[in-house]
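Structure first, then comments.
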Amino acid sequence: MLRPRVFLADDHDEFLKAEIALLQPHFELVGVASDGASLVSEVQRLNPDVVVVDITMPIMNGIEAVHKLVQSGSTAKFVFLTIHSSEEYIKACLEEGAQGFVSKSRMKGHLIPAIYAVLDNLPYVSSSTSS
Numbered sequence: 133m134l135r136p137r138v139f140l141a142d143d144h145d146e147f148l149k150a151e152i153a154l155l156q157p158h159f160e161l162v163g164v165a166s167d168g169a170s171l172v173s174e175v176q177r178l179n180p181d182v183v184v185v186d187i188t189m190p191i192m193n194g195i196e197a198v199h200k201l202v203q204s205g206s207t208a209k210f211v212f213l214t215i216h217s218s219e220e221y222i223k224a225c226l227e228e229g230a231q232g233f234v235s236k237s238r239m240k241g242h243l244i245p246a247i248y249a250v251l252d253n254l255p256y257v258s259s260s261t262s263s
C-alpha cells in the first residue's frame with residue numbers, strides 16, 4: 133500500500149526535526165522548505181498529497197504561499213501547523229485554501245489525525261483555543 137506523500141514547510145530546524153520524527157513512520161516525506169518561495173516551487177515540482185506548513189516563514193509567509201499554490205491549481209491538501217492560534221489566523225488560513233489547522237502545542241496528538249482527515253476531504257481544526 134502506498135503511503136501518502138507529505139511535504140513539510142517550517143523555518144525552525146529543531147521543530148522540523150520533531151515533525152519528521154513524528155510523521156516519518158506514517159507517511160512518505162517527499163521534501164522540506166524553510167521559506168515560502170521554496171515551498172511554492174518545490175510543491176509545484178514534487179506534487180505531494182499533503183503540505184504541512186507554518187505561517188511565519190521568510191521571503192513569503194505560509195498563507196501567501198498556500199494562496200499561490202491554490203491559484204496555480206495545486207491538488208495538494210494543506211494543513212497549517214503553527215504557533216498562531218487566534219480565530220483570525222484560523223479563518224485566514226481556511227479562506228486561502230487550507231483544509232486543516234493545528235496549533236504547534238497540539239502537534240503530537242493532532243497532526244497525524246489532521247493529515248488523514250484532509251486526505252479524506254474532511255476539515256480539521258485543532259488550535260490551543262479549541263477543544
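The opening residue of the sequence shown carries number 133 in this note's numbering; numbering runs sequentially from there. Every residue gets a Cβ at the ideal spot worked out from N, C-alpha and C, and that includes glycine.
{"query": "For Val-211 and Val-182, believed in contact at Cβ under 8 Å, the rounded distance", "result": "6 Å"}
{"query": "Ser-263 in three-state terms, based on DSSP", "result": "Since pLDDT at Ser-263 reaches only 41, below the 50 mark, its modelled position is unreliable, and the value read off the structure follows with that caveat. Coil."}
{"query": "Rounded separation between His-199 and Lys-240 - CA only", "result": "27 Å"}
{"query": "DSSP state of Gly-205 mapped onto helix, strand, coil", "result": "coil"}
{"query": "Nearest residue (CA-CA) to Ile-247, options Asn-179, Val-184, Glu-151", "result": "Val-184"}
{"query": "C-beta atoms of Glu-174 and Ala-165 nearer than 9 Å", "result": "yes"}
{"query": "Residues bridged to Ala-141 [DSSP beta-bridge criterion]", "result": "Ala-165, Val-185"}
{"query": "Opening and closing residue of the beta strand (DSSP E) in which Gly-241 lies", "result": "Unbroken run through Gly-241 is the alpha helix (DSSP H), 239-251; no beta strand (DSSP E)."}
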